[in-house]
Amino acid sequence: MEPTTFVLFGATGDLAKRKIYPALYNLFVDQELSPSFEVIGLGRSELTDDTFRARVEHSIRSFSRREANNSALIHDFLHAFRYRVLDIGRKEDYMKLLRLIEQREEELRISPNRLFYLSVGPEFFERIAAGIQESGLGSANGWKRLVIEKPFGHDLQSARDLNQKLSQAFEEHEIFRIDHYLGKPMVQKLEILQQNSVLKALWDNHYIANVQITAIETVGVEERAGYYDHVGAVRDMFQNHMLQLLMMLASHLPNNSDSEMVRFKKKKVMEALEPLQKQDVSANVIRGQYKAGAVQGKPVIGYTSEPGIAATSMNDTFIAAKLQIDDFFWRGVPFYIRTGKRMKDKSTRIVIEFKELSKMSSQANADGKSPNLLVFEISPNEGITLQLNTMDPQHKGGVKPIHMDFHESRDNVHEAYENLIYDALHGDPTFFAHWDEVELSWKWVQPILEAFEKNLVPLHPYAAGTYGPAESDALLAEDGYHWWFDAKPEQEFETKGREQYAFHKDH
Ligand code: BG6
């Protein structure tokens, strides 16, 4: 890694504490950081360098995936950290920051490579980018990069405005837009797996019946009412994380694709996505909001009783949608996507359901058994399972599914932020959202936003601790499918078939 100054706006914030410092620490332990790596933390509170270092230490001891108990190692790591107060509206503060950075670059004899990480609310992005430009912080003779967190805009127009402002200070190749789902190791594996010739041979509408992308959570709105009630599941998860998963899965990468090819192919997927007209949204999109219920045995309140949420709020805490990609590979294959809060489990996964071409498998299907499935478990566990129908040794002429499983041990799994910070430090944009992807995602989602706004789509209640409203099941049932791996209530056990239930329970 080239020597770099890591300038962190929002250094006393929650994201820095929970994700960024632990990620940097693990990169340090793995010797992935340059020996002359420098961190300058910026915030509004007055802190000395020592107090700041103590906070960073507390954060890595509390949140690092590796236990942080080697005091000498921690001491060496903290040596790289300094803190300064910065009021983002004060030009003078940027000038002081510039002087400090130049002084440190001179002392360490390092080139002026500067990474500006904006771990702050989106309302501050433009002012900070302008401050960096006006002060000359971004004009040194090394490279500069801007790392920003979502949300990138609130709708298509605001995203375009923001991009236009940022591009006055940074060029596209210098902007690293974080979508932390792209940092998840299993999502990164999809890039390579798609280039695998075995999967490639199956990756189209000849063999695939449908694709299901699920990201469900057990948590509710938590302490984020002010933010969440204005964004809902559609902006918080769907426009970014879910559509990124779709792009990563459907992009048909040629062998040895580089980052430019990955981005080019992802853009092609978004361009081929059949647009929804506002009046068609209700036929393809299910909007839900959680009511009181029980999550993992504990009673929980409904969304509109949460602190800070109005009793009349029509915000979506669940969304399910059916999407179609109109290209050579995917024409006719429905992609079902759903995400929601206060659901039964915490799980992010992609299920590929294969078509039943042979007599044996269609018989298995008719008997209520499972078709061939390929499952990518993204989190909290990481794994790939292939379910194949084969001969049932116990029943002549019968069919039995076997499961081929790969599960990554949790110790080997890097945190998403480790992968992303590593890539940003190395200038590798593969797993960051390019502006074209962000713009096309907003463009696709825009009719949904407008239909929600005008209440053209019913808001279906669902009990907390379930898999969302029944209408989400009906969306697939209309096409003869169902969501895979929703744990079935006990009473359905006998009627739905033993094999299927056993598979649900195992996974
Ligand atoms: C964030 C959303 O981007 O992703 C949160 O703002 C959500 O509302 C979170 O809880 C989910 O991330 P993960 O990695 O836990 O699936």
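When we follow the working numbering, the leftmost residue of the sequence shown carries the number 64, and every step to the right adds one.
All residues carry an ideal CB built from backbone N, CA and C; glycine is no exception.
- For a cut-off of 8 Å, the C-beta gap from L181 to L136 is around 29 Å, too long to register as a contact.
- Under the 8 Å Cβ criterion, the segment 116-124 counts as touching the segment 71-88, having at least three qualifying pairs.
- Taking all protein chains in view, the Cβ of E101 is crowded by 16 or more other Cβ atoms within 10 Å, so the residue is classified as buried.
- Assigned with DSSP and collapsed to three states, A527 falls in coil, not helix or strand.
- In the DSSP assignment, S442 is bridged to T411.
- Straight across, the Cα-Cα distance linking R401 with N378 is about 16 Å.
- Relative to the non-hydrogen atoms of ligand 1, the Cβ of D77 never comes closer than 6 Å to any of them.
- Taking a C-beta distance under 7 Å as the contact criterion, I349 and L539 do not qualify as a contact pair.
- Distances from the CB of D474 to the heavy atoms of ligand 1 are all 6 Å or more.
- Straight-line measurement puts the Cα of P185 at about 7 Å from the Cα of K213.
- Taking all protein chains in view, the Cβ of T380 is crowded by 16 or more other Cβ atoms within 10 Å, so the residue is classified as buried.
- Annotation for R145: I103 and D112 place their beta carbon closer than 6 Å to its own, counting only its chain and skipping 5 residues before and after.
- Exposed is the label assigned to D224, since fewer than 16 other Cβ atoms lie within 10 Å of its Cβ.
- Between the alpha carbons of A514 and H138 lies a distance of about 54 Å.
- R153 sits in coil when the DSSP states are folded into three classes, being neither helix nor strand.
- Taking 7 Å as the cut-off, the Cβ atoms of I511 and V344 count as close.
- V250 and S410 have their C-alpha atoms roughly 14 Å apart.
- Taken in chain order, the complete alpha helix (DSSP H) segments of 4 residues or longer contained in the segment 146-204 are 154-171 and 188-198.
- Secondary structure at A272: strand, using DSSP grouped into helix, strand and coil.
- DSSP, read as helix, strand or coil, puts Y399 in strand.
- No residue range can be given for T367, since it is assigned to no beta strand (DSSP E) and is classified by DSSP as neither H nor E.
- When secondary structure is reduced to three states using DSSP, N378 falls in the coil class, being assigned neither helix nor strand.
- Shortest Cα-Cα distance from D242 to any of I484, P66 and Q166 involves I484.
- Judged by DSSP secondary structure, I484 falls within the alpha helix (DSSP H) whose first and last residues are A479 to H489.
- Excluding residues up to 5 positions away in sequence, L436, L437, V438, E440, H466, M467, D468, F469 and H570 lie with their Cβ nearer than 8 Å to the Cβ of T448 in the same chain.
- At least one heavy atom of ligand 1 sits closer than 6 Å to the Cβ of D299.
- Sorting E416, K385 and T277 by C-alpha distance to the C-alpha of P338 places K385 at the top.
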